[in-house]
Structures are given as C-alpha cells and as structure tokens.
Amino acid sequence: MPRLRPSLFWAARRDISPFAALLLQVCRDLPSTANELRWIREHIASTSSLVPSKLRLWKMCEKRAKGVPLQYVLGTQPFGGLEIKCRPGVLIPRHETEAYTTELAQILLRQTPTRLSILDLCTGTGCIALGLLSLLPPPVHVHGIDISPIAISLANTNLDHNTRLGLLAPQPSSIHFTQADIFSPSLLPSLTPHAWDLLISNPPYISRGAFARETARAVRNYEPRLALVPDRDDETAGLGCASEDVFYARLLQLAGVLTPRRAFFEAAGIEQAVRVINMVKGDARLSGLYPQVEIWRDNPHKEYEVQRFGDHEVPFRGSGGARAVYLCQSDQL
Amino acid sequence: MLAAPWVCRSCARSLRSVGSPRLLRRASTIAALPPALVERARKIAAEHDKLTTALETDFDQKTAVRAGEISRVATALREFEKASASLAELRSLLESNDTELRELARDDLESTQAQLADLGRKLSVALTPKHPFADMPCLLEIRPGPGGTEGRFFADSLFRMYRSYCENKGYPTRIVKYEVSESDGQKGSEGEVALQEAVLEVQQIGAYGEFRGESGMHRVQRVPATEKSGRTHTSAVAVWVLPSFPESPSTDAESEWDNPESDFYIDVAEVRVETMRARGAGGQHVNKTESAIRLTHMPTGTMVSMQDSRSQHTNRREAWRLLRSRMAQQKREAREELAQKLKSSVLASSQITRGDKIRTYNYQQDRCTEHRSGLDVHNLPNVLDGGEKLGEILESVQGWLTERDIQMILAEEQADAAPKGKKGK
Ligand SMILES: C[S@@+](CC[C@H](N)C(=O)[O-])C[C@H]1O[C@@H](n2cnc3c(N)ncnc32)[C@H](O)[C@@H]1O
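Protein chains in written order, with my numbering: chain L, 1 to 333; chain D, 334 to 758.
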C-alpha cells in the first residue's frame, strides 16, 4: 500500500476534523473519509447510549482506524430496503450480492407461480434470504442453511430485527434458518420433498493463494475464513475439482437431485464462472436439466453480450466484472 | 402651482435617498400597465360573466372549470378598476376650490397610488400563465464552473446561502447530495470547503415557483484567501432549479412516473444502472463501505451519480428522483424554447440561456447585482447569510419573470390582432 502524503493528513484535520485524520488511514482519500465520518456521526445520533457521544465517536474512529470493517464498528449494513446486523464471525453482505439479489427478485416477480420456494445455502447473515423475502409478494417459502451456529443465530436475529423495524411483513411460518453442513449426507433427505423455484448460494470461493494475495486487509484480518476459503480437502479429492471450486461441485450435485427451476451461484470472477459452466456442460443430466446458462456481471442490467468458450456460447448479462452463474430450466429465464 | 405630479416630490426624493431602483422601476411599470393587457383582462372578465350566467341556469362541468380558472382575473380586474376609479376621483378633488378637501385628497393620494400599483401587479400575475411546476417543492443543484478551487469555494458559499435562507423562512430542507473534492487543506476565506456538487431539496410546496429564477450562472468577484498579490479573481457557479416530487411515494407521484405523458416519465429500459467500483477484485475479496450508483439516460446522455448514503438502495432511489427531476426540467425547457421560437422576436432579448450570467457577487464593493431585474443590493454579507436582502433579490427576479410573461402575452395579442393574410393558420 503506498504511503499517504502528509499534506493529506493535514487536509483531513483542517477540512473535516481531527477524527478524519484517523479515518484517513483506512479510507485513503478525503471524500470517502468525509462520508465515513458522517455515517459514524449519524449512527451515534440515531442510537442512544450512556456513553457520551464524543467518546463513542472517538472509540469508533479508533477502531475503524485499526482496520476493523465499518460494518462491524456500526453493527449493520443496509441491504436492499433492509438493515442487516453484522457481527464478527459472520461475513458482511457485499454490494454485488445486493445488486443481483434485487435483480433476481425482479425476474422472479415477472414470471412466477404463486407460492415461491427458495433455498439459500451458506446463508450467513441471511441477507439473500431476507432480501428476497422482502421483495417478493407473500406467500413465499424461504429456507436458509449455514454450517456456522453464529451465522444461524444472527440470521434469526436479522429476521426479528427487520420485522420489528417494519421492513419485513410478519410471516414467521414462511422462513426459517437451520444449521447444517451442505456436504453432509443427511442434508438431502431433509430437503427432497420440496419443489424449489430457486436454489441460491454465495458459498466460500476464494482459493488459498488468492486469500493471501488478493483479499483486502480488513477482509483477511477481520472476516471469518470459514466464509471465504473452502478448506474441504477430503471432499475435493472425492469430487475431483480445484479446491476453491468444491462448493460448486456439491451445489450442482444437490441441484441434480432437487431439480430447482433456477440455480444461482456467486463466483470470484470470469475464470471460476467458466469452470462452473463447464461442470454443468460436462454433465449430461445437468446440461439437459439447465439448457439456459448465463454469467451475470456486477451490474446486472438487461443488456447482453455473447462470448464463446470452447464449444459453447455464453450470454453475459450487464456490465462490470463477472460475478455469478445463473442456470435455468428450459421454458423460463 | 405645480401640476398634480404622478409621484409627489417628497416621495420621489425619499425613494431616491433609499436608493431603491427596484421600487422606481416597479412604479413606472405600473404607471404604464399596458392598455393591451387591461384590454385582455376585460375580455376575460366578460367571458367570466357570461359563463357564470350560463352556469346559473344550466350547470356544466367543463364550463365550471373554465370559469374557475379565469375567476382570479375577473376578481383582480374588478379591484384594479375600483382603485383606478378612486384615484381619478382623488385627482379631480385636487382641483377643488375647497382647501380642506384638497388637503384630504392629498393625504389619500399616496396610499391609493400604492394600492393601485399593488393591484396592477396582482392583475398581471393573474393574467400570466402559472408555471406547471410552480406548486412543487424543488431541488437546487449547485456546481462550480470550470476553473480552480475558488469556484468550488464559492459553490459552497451559495449552498450555505440557500440553506440559511430556507432556514430563515422556515422552509424544511434536506441535503440530497454534498460532494466535496480534495482541496489539499485549503479553505475559503469564510471557511468554505471545495464543493464538487451539491443538491439541496427545498421541501416546501411552491418552492419551485419561488426559486426557479435562480437558475443560471452566478458570478463571484473577490480576492481568494490564497491570493497573495491581492488580485481579484472572477469565477462562476451554476445553479439549476429542478422540480421535485414530494418524498413520500404517494400514489400521485408513482402514477406520474408510470404515465408516459408526464414530464417525470422515463422509460426504464433507456437507463443504464451502474454500481461504480474501483478496479480490481470485488465480491468477497474486498469490503467496500461506499455504494455509489450511476444512472445514465442513454438517449440524452444525462447522467446522475449518488453516493451519499451507505445504502445502495437509498442511493438508487435518490438517483432516480434526481434523474426524473432533471429530465422533467429538460423536457419543459425544450417545450418553452419551441414555444418562444414560434412567437415574435420581441422576446429574444429577455431570454436566458443556460450559459448567461444572471447575478454577480462582488466582495470588494460589497455589492450584489441582479442582472435581469437590474437590482443592485449592498450589504453582501446579509445576502450570503440568506437574509432579507436575498429575499429582495428573489422578489425582483419574480417581478422580472412576470414582466417577461406579460411581454409574451402582449406579443400574442399583437399577433392575434395583426391582419390575417399570411399563409397557414
Ligand atoms: C461467503 S459467505 C456468504 C454469506 C451470505 N450468504 C452473504 O451473501 O453475505 C459463506 C457462508 O457459508 C458458510 N459455510 C461455510 N461452509 C459451509 C458448509 N459446509 N455448509 C454450509 N455453510 C457453510 C459460512 O459460514 C458463511 O456464512
């Protein structure tokens, strides 16, 4: 990381406030420093505490300056119209995830049977599950699964929290979160009888090397490795894929049995997305089940561009970096 | 003995000593309330009488609506004529042989004249068409012109000026966007920051009507805090006033958004939505706190970006609101331009185009000049604090706008009265 010019620190002190000079170390430029300081102030003004606000401000800025993600400092991250609580130990929802979740809801809204059933594997804070629930007309059935008990407890907290804020209509019967390992053989029996409209997952997908080299320091030092890096050597050997792709191999296995109408998986970038598509195309059953395959970019708007990979052509939706793979059964996209 | 003067000498003197050319201008405008205008008002009043008589015997929805529309002209004309009549009477009394009567008449003259001026103004306003956005709240967009930091500092001054003006008037406001650029630690002489772009919403019914005259280039002349040689710099800031829908997604606003006839309608398929990201890996690899949204209306190239909120959802909503407001303003301007092209060229001189400077703030001379109404105001600090001096300026611009509208109507009357013989309709 290049050193910041000392003049910039003076600028932060003089232009904004002494707190800004602290934040500048992690924000790197004045406009975003000003933004973060404003958000911290707004947060303090909107929450009550016995601690004097000046002291709270100082503590929060200090924590943030150490590199702690702002979402852990403030305890929340907006997601669609929801306020998702964030706690150390559970991955913070990303803007890209929010963008495709919003767009996906639009698609489901347009062409859907009445009672939608959605399965969200590796649900974390529950942001995708809750986000879809908030955007789709009831009744919707949503099931979120995660291996981490902290995540499951947080997802339930988020359900309550957003219901209490009035951001979600009260409908407790139609959503639930359960703790399970998606690699466990006992997972399928608990899910099979349902006709799923969507199987969605944002699984851990960063390779060990990329984790060390390409992740931001705030991510590496403060977010749970369990949520980011697939460490499943036994299963990897069994499924015969790269270790960072092992969740997709398992997710596709599950899709083959559960036959959801649509499947949607977030991925690290173009290479991984193409590898996932090759897994689908290389499997006669899956490629028959899902003739429609798309890659979604970071800004998933309506424009398409078709690219060729080996034998097949793949439509890319939107603009920006490749972010997800979308599979769909024959008659609907 | 002196002939009865239009404005008595002591009044004229006091006006001059106050140094308010605005009042003089106004008085002279009213003195010459154009006969064609009064004629038009009479025609409308006659129509109003006819319609109300018709309504008494036979109620009809359309007739009632029209009668309602023109009733304010009829009322304003009645009052104006009443005041003219009393003035004429007072004048004749001034010729009287009775000293006491003359004294009384003289006492009343001044107030009656003022009343007449006021009623004349009301009549003009009643005659001029109301701007279709006039009753809406508005967005004030403030952006520095090309050039150095000095313009950005002044953009912040204008932002503060409008905000405190609204505060003083009790108008609720909301900062929709406030984007600061890096200034390397410099600050303006009044502690301003280098503003890149700001949008202030004035959430007051009728704010658009009140502020619409603020659109245009505002010029500043002053010695920047950083200027060692004491040289005066000139820079410019653009202010655009846009109509804004009230925040609550009322059924009203939403139906307007979906109605292709409405100025606020945008074909969603023509807008590209982008969440801007720094280059490099995204997704799980990084954890960004900012969630900027950029909307581009592709057919016109109009672009809006928003990143003030932590929430992508909020940024998206605000960006759409701003884009709709900009598009509505553009469509309206295009229509106005077309309408003016069709009319006679009298108006060419009073047209303001986007690049014209409308006002100058001169710090050394402690003066603010409003170029359209010709008003000069001293006490610049009061103006920049959004005090009553700014109120005077805004009022003078309203007067100018009304005058322009009147000229438009007169041009129309002339065109109507001209002997028919041209080709076409
Ligand atoms: C990248 S995070 C995604 C969280 C959330 N869906 C989101 O988009 O913000 C991956 C999640 O997968 C969970 N996870 C990791 N291994 C798992 C497994 N074997 N079975 C189920 N969940 C697992 C982690 O606990 C983590 O919450």
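By construction, the Cβ of each residue, glycine as well, lies at the ideal position given by its N, Cα and C atoms. Computed from a prediction, not measured in an experiment: that's the story for all the values here.
CA-to-CA distance, Leu-23(L) to Arg-5(L), given in whole angstroms: 14 Å
Check: Asn-221(L) C-beta below 8 Å from any heavy atom of ligand 1: Within 8 Å of the C-beta of Asn-221(L) there is not a single heavy atom belonging to ligand 1.
6 Å CB neighbourhood of Arg-476(D) in its chain, flanking five on each side removed: Glu-530, Ala-571
Helix, strand or coil at Tyr-248(L) [DSSP, three-state]: In this structure, Tyr-248(L) counts as helix in the three-state DSSP scheme.
Proximal residues, the segment 620-648 of chain D versus chain L, C-beta separation under 8 Å: Considering only beta carbons, the part of the segment 620-648 of chain D lying closer than 8 Å to chain L consists of Asn-620, Lys-621, Thr-622, Glu-623, Ser-624, Gln-640, Asp-641, Ser-642, Arg-643, Ser-644, Gln-645, His-646, Thr-647, in chain order.
Enclosing alpha helix (DSSP H) for Ile-150(L) [first to last residue]: 149-164
Reference Arg-485(D); option with closest CA among Ala-558(D), Pro-505(D), Leu-452(D), Arg-405(D): Ala-558(D)
Beta carbon of Phe-309(L) nearer than 9 Å to that of Trp-296(L): no
Minimum length 4: unbroken alpha helix (DSSP H) runs contained in the segment 695-720 of chain D: 713-717
Residues of the segment 20-41 of chain L with Cβ closer than 9 Å to any Cβ of chain D, in chain order: Cys-27, Asp-29, Leu-30, Pro-31, Ser-32, Ala-34, Asn-35, Glu-36, Arg-38, Trp-39
Positions along the segment 77-89 of chain L whose CB lies within less than 7 Å of some CB in chain D: Those would be Pro-78, Gly-80, Gly-81, in chain order.
Pro-6(L) (DSSP reduced to helix, strand or coil): helix
Under 9 Å from the C-beta of Arg-323(L): neighbouring residues of chain D: Gly-615, Gly-616
Neighbourhood of Asp-489(D) by C-beta distance below 6 Å, restricted to the same chain and skipping five residues each side: Glu-525, Val-526, Leu-528
For Ala-387(D) and Thr-408(D), the rounded distance between their alpha carbons: 18 Å
Run of the beta strand (DSSP E) containing Val-532(D), from where it starts to where it stops: 528-535
Pick from Asp-393(D), Ala-418(D), Leu-426(D) that is closest to Glu-436(D), judged by C-alpha positions: Leu-426(D)
C-beta neighbour in chain L for Ser-581(D), strict 9 Å: At Ser-581(D), the pLDDT of 48 sits below 50, so the modelled position is not reliable and the matter cannot be decided from this model.
Own chain residues within Cβ distance below 6 Å of Leu-168(L), not counting five before or after: Only Ser-134, Asn-162 meet the Cβ criterion.
Residues of its chain near Leu-491(D), where Cβ-Cβ distance is below 7 Å and the 5 sequence neighbours each way are ignored: Ile-475, His-551, Val-570, Val-572
Cβ of Glu-483(D) within 9 Å of any chain L Cβ: False, the Cβ-Cβ gap to chain L never drops below 9 Å.
Leu-228(L) beta carbon near ligand 1 (any heavy atom closer than 8 Å): yes
Cα-Cα separation between Ser-417(D) and Leu-449(D), rounded to whole angstroms: Distance between the alpha carbons of Ser-417(D) and Leu-449(D) is about 7 Å.
Bounding residues of the beta strand (DSSP E) (the contiguous stretch that carries Met-469(D)): From DSSP, Met-469(D) is part of no beta strand (DSSP E); its letter is neither H nor E.
Secondary structure, alpha helix (DSSP H): runs of 4+ residues fully inside the segment 437-524 of chain D: Taken in chain order, the complete alpha helix (DSSP H) segments of 4 residues or longer contained in the segment 437-524 of chain D are 482-502.
Helix, strand or coil at Ala-180(L) according to DSSP, with G and I counted as helix: coil
Collapsed DSSP secondary structure at Leu-136(L) in the structure displayed: coil
Neighbourhood of Arg-64(L) by C-beta, 8 Å cutoff - its chain only, sequence neighbours within 5 removed: Leu-22, Leu-23, Val-26, Glu-36, Ile-40, Leu-70, Val-73
With 16 other Cβ atoms within 10 Å as the buried cut-off, status of His-618(D): buried
Closer than 9 Å to chain L by CB, Ser-514(D): By this cut-off, Ser-514(D) is an interface position.
Interface flag, Pro-139(L) vs chain D, CB-CB below 9 Å: no
Pro-139(L) beta carbon less than 9 Å from that of Ser-186(L): no
Ile-377(D), enclosing alpha helix (DSSP H) - first and last residue: 368-390
From Thr-647(D), Gln-554(D), Glu-543(D), Lys-664(D), residue whose alpha carbon lies closest to that of Pro-593(D): Lys-664(D)
Residue closest to Gly-124(L), alpha-carbon to alpha-carbon, out of Ala-263(L), Asn-202(L), Ala-20(L): Of the candidates Ala-263(L), Asn-202(L), Ala-20(L), the one whose C-alpha sits nearest the C-alpha of Gly-124(L) is Asn-202(L).
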